[in-house]
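Encoded as structure tokens, the structure appears first; notes follow it.
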Amino acid sequence: MLPRTRDFAASLALLCGTVFAAAQSAPLTAEQIKAAARTDDFSIPTPGEFMAALSKVGKPDWSSKTRPPIPTDFPDRGQRALNLGTLVADGYLAVEAESKQDVKNIGKDIIALAKPLGVSEELISRGKSLTDFADEGQWDVLREELEATQNEIKIKLATTGDTDLIALVTVGAWVRGTELIASHVAKTYTKEGAQLLRQPGIVDFLAGKLDALPDKLRDEPAVKRARVKLAELKGAVSSPRENVADQETVKKIHALSAELVKDLSKKNLK
Amino acid sequence: MNRRLIPALLLLGSLSFGQPEKSDDEVAARKNALELAGAFANDGFKLRDGHWSGSIKTGEGKLVQVNLYAGNEYYFAVASTEKAKKVALSVFDETGAAITIEEPYQEGFTAAVGFSPVASGPYYIKVEELEGEATAFCLICSYK
């Protein structure tokens, strides 16, 4: 049954600004926590959600965070997938910066990069939607389109048996998103901003996915680089729950993630 | 139907990375969950495009990890099918401690909880069927 909107409005009014502290249910055991399901599309937030959280604690100059176009003709499939993820994050950045041209350019690059992975056909109509919505300045709709685009890429990879590449798209999107957020927080440090960079569950999940890749994919230079940097990032984004990363730690998170994003975009990565 | 739900509905039944085709119960549960989420989408909540679904039976609890950001508000909506007479949702922090939800919503085979995390990091959402037959469930996350 569909609940009455009024009931939900009342609930929403109650939850706004409310901090819930007391516990009612029995606590989970360590075994239950370990056995909990973790999925790529439900457990891991998109870069858009990450950026939405930052927008509440500051006013980032998103347009200053853009980067020059990256190559779209990488020889390795793993590197393509990783960069596909970074481009999806760039798409969210372009939307936050409300840059119509960047949205269009990134849409084209996503299609070009996806083509050799067998995904482009599904994305062509999506790319047209991105262009149309950018022309009309429908930024909220564009955010939803980008999320749908990311999922469409992953669905197609799953249906073509390339499930291993899904994790790489997610890693690319997450690391570029982390670079963008850390860049802002490192420059205009606040505890609220630094709190957003605490992501132990995400980095654990992604590192586990990379460790489980088939040998051939895991040995690609870009994937190797991602594994090494993720291991380094893990310590920096896993501060204790009661602590907030200090400015030096935030700078380290930025440096590590920026270095990885830059490395991933190199055509002749060794 | 809220416009924000249209992309999600278009993808109904197709968002299952590498999983076998969905059963009728799973499709029905997902539709019910999206309808439930639609009741508060007008309040500015955006759907995470993914969902978590599966089978469930009375007395069984299913647990999933979600990674949330402090400062955002989250709403989790679960729905099953009419085979389930009563379902429930609960939330735990990364230490396993339960988080008290004020004014949780529960009606038959649907339930929803909303809260604002005080710390960024992993949380755990537990779906339980309290009464009814074995069926399917679908859990959806919204945020703003």
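Protein chains in written order, with this note's numbering: chain P, 1 to 270; chain V, 1001 to 1144. Note that CB positions come from ideal geometry on N, CA and C, so glycine has one too.
For residue i, would you say it is in contact with chain C, using Cβ-to-Cβ distances shorter than 8 Å as the test?
{"i": "residue 49 of chain P", "result": "Absent from the structure: chain C. Protein chains present are P and V."}
Nearest CA to the CA of residue i: which residue from the options?
{"i": "residue 237 of chain P", "options": "P:225, P:226, P:256, P:212", "result": "P:256"}
{"i": "residue 1137 of chain V", "options": "V:1046, V:1062, V:1038", "result": "V:1062"}
{"i": "residue 1025 of chain V", "options": "V:1069, V:1054, V:1111", "result": "V:1054"}
{"i": "residue 35 of chain P", "options": "V:1132, V:1096, V:1129, V:1115", "result": "V:1096"}
{"i": "residue 1059 of chain V", "options": "V:1116, V:1128, V:1083, V:1093", "result": "V:1128"}
{"i": "residue 40 of chain P", "options": "V:1077, V:1049, V:1072, V:1106", "result": "V:1049"}
{"i": "residue 66 of chain P", "options": "P:240, P:46, P:179", "result": "P:179"}
{"i": "residue 119 of chain P", "options": "P:228, P:161, P:269", "result": "P:161"}
{"i": "residue 1073 of chain V", "options": "V:1056, V:1031, V:1057, V:1040", "result": "V:1040"}
{"i": "residue 241 of chain P", "options": "V:1069, V:1133, V:1132", "result": "V:1069"}
{"i": "residue 139 of chain P", "options": "P:94, P:54, P:239, P:247", "result": "P:94"}
{"i": "residue 136 of chain P", "options": "P:248, P:101, P:42", "result": "P:101"}
{"i": "residue 25 of chain P", "options": "V:1144, V:1100, V:1033, V:1042", "result": "V:1100"}
By Cβ distance below 6 Å, which residues in the same chain neighbour residue i in space, the five residues on each side in sequence not counted?
{"i": "residue 129 of chain P", "result": "145"}
{"i": "residue 1126 of chain V", "result": "1061, 1063, 1090"}
{"i": "residue 176 of chain P", "result": "86, 89, 261"}
{"i": "residue 96 of chain P", "result": "51, 62"}
{"i": "residue 1028 of chain V", "result": "1081"}
{"i": "residue 220 of chain P", "result": "76, 78"}
{"i": "residue 1130 of chain V", "result": "1086, 1088"}
{"i": "residue 1052 of chain V", "result": "1064, 1139"}
{"i": "residue 1133 of chain V", "result": "1083"}
Residues in its own chain within less than 7 Å of residue i by CB, not counting five upstream and five downstream?
{"i": "residue 15 of chain P", "result": "Note that residue 15 of chain P has pLDDT 41, beneath the 50 cutoff, so the model's placement of it is unreliable and no number is given."}
{"i": "residue 244 of chain P", "result": "191, 194, 195"}
{"i": "residue 214 of chain P", "result": "164"}
{"i": "residue 1065 of chain V", "result": "1122, 1124"}
{"i": "residue 131 of chain P", "result": "104, 107"}
{"i": "residue 114 of chain P", "result": "84, 120, 123, 153"}
{"i": "residue 60 of chain P", "result": "54, 184"}
{"i": "residue 141 of chain P", "result": "133"}
Given a cut-off of 8 Å on the beta-carbon distance, is the pair residue i and residue j in contact?
{"i": "residue 206 of chain P", "j": "residue 167 of chain P", "result": "yes"}
{"i": "residue 169 of chain P", "j": "residue 154 of chain P", "result": "yes"}
{"i": "residue 1088 of chain V", "j": "residue 1036 of chain V", "result": "no"}
{"i": "residue 158 of chain P", "j": "residue 250 of chain P", "result": "no"}
{"i": "residue 103 of chain P", "j": "residue 134 of chain P", "result": "yes"}
{"i": "residue 1116 of chain V", "j": "residue 1047 of chain V", "result": "no"}
{"i": "residue 28 of chain P", "j": "residue 1109 of chain V", "result": "no"}
{"i": "residue 1135 of chain V", "j": "residue 1084 of chain V", "result": "yes"}
{"i": "residue 234 of chain P", "j": "residue 74 of chain P", "result": "no"}
{"i": "residue 92 of chain P", "j": "residue 47 of chain P", "result": "yes"}
{"i": "residue 126 of chain P", "j": "residue 98 of chain P", "result": "no"}
{"i": "residue 150 of chain P", "j": "residue 189 of chain P", "result": "no"}
Output needed for residue i: all residues of its chain with C-beta closer than 8 Å, excluding positions within five of it in sequence on either side, in chain order.
{"i": "residue 171 of chain P", "result": "82, 85, 206, 209, 210, 226, 230"}
{"i": "residue 69 of chain P", "result": "105, 109"}
{"i": "residue 265 of chain P", "result": "70, 71, 83, 86"}
{"i": "residue 1094 of chain V", "result": "1121, 1122, 1123, 1124"}
Mind reading off the beta-carbon distance from residue i to residue j? Whole number of angstroms is fine, and I expect it under 8 Å.
{"i": "residue 123 of chain P", "j": "residue 77 of chain P", "result": "So it is not a contact: roughly 17 Å between Cβ atoms."}
{"i": "residue 1111 of chain V", "j": "residue 1105 of chain V", "result": "6 Å"}
{"i": "residue 201 of chain P", "j": "residue 1067 of chain V", "result": "5 Å"}
{"i": "residue 199 of chain P", "j": "residue 1120 of chain V", "result": "7 Å"}
{"i": "residue 1071 of chain V", "j": "residue 56 of chain P", "result": "5 Å"}
{"i": "residue 1075 of chain V", "j": "residue 1114 of chain V", "result": "4 Å"}
Please tell me whether, using a cut-off of 7 Å, the distance from the CB of residue i to the nearest non-hydrogen atom of the ligand COA is below it.
{"i": "residue 213 of chain P", "result": "Of ligands this structure carries none, so the ligand COA is not represented either."}
*Kindly provide the ranges of any alpha helix (DSSP H) runs that are 4 or more residues long and lie completely inside the segment 200 to 239 of chain P, ordered along the chain.*
200 to 211, 215 to 218, 221 to 236
*Please list the segments of the beta strand (DSSP E) lying wholly inside the segment 1014 to 1074 of chain V, counting only runs of 3 or more residues, in order along the chain.*
1046 to 1056, 1061 to 1068
*asked:* Going residue by residue through the segment 1103 to 1136 of chain V, where are the continuous beta strand (DSSP E) segments of at least 3 residues, counting only ones entirely within it?
replied: 1105 to 1107, 1110 to 1115, 1121 to 1132
*Which ranges does the alpha helix (DSSP H) cover as unbroken runs of at least 4 residues, wholly within the segment 122 to 205 of chain P, from first to last along the chain?*
As for any alpha helix (DSSP H) of minimum length 4 sitting wholly inside the segment 122 to 205 of chain P, the runs are 139 to 159, 163 to 187, 191 to 195, ordered along the chain.
*Enumerated in chain order, which unbroken segments of the alpha helix (DSSP H) with a length of 4 residues or greater are wholly contained in the segment 73 to 114 of chain P?*
77 to 96, 100 to 114
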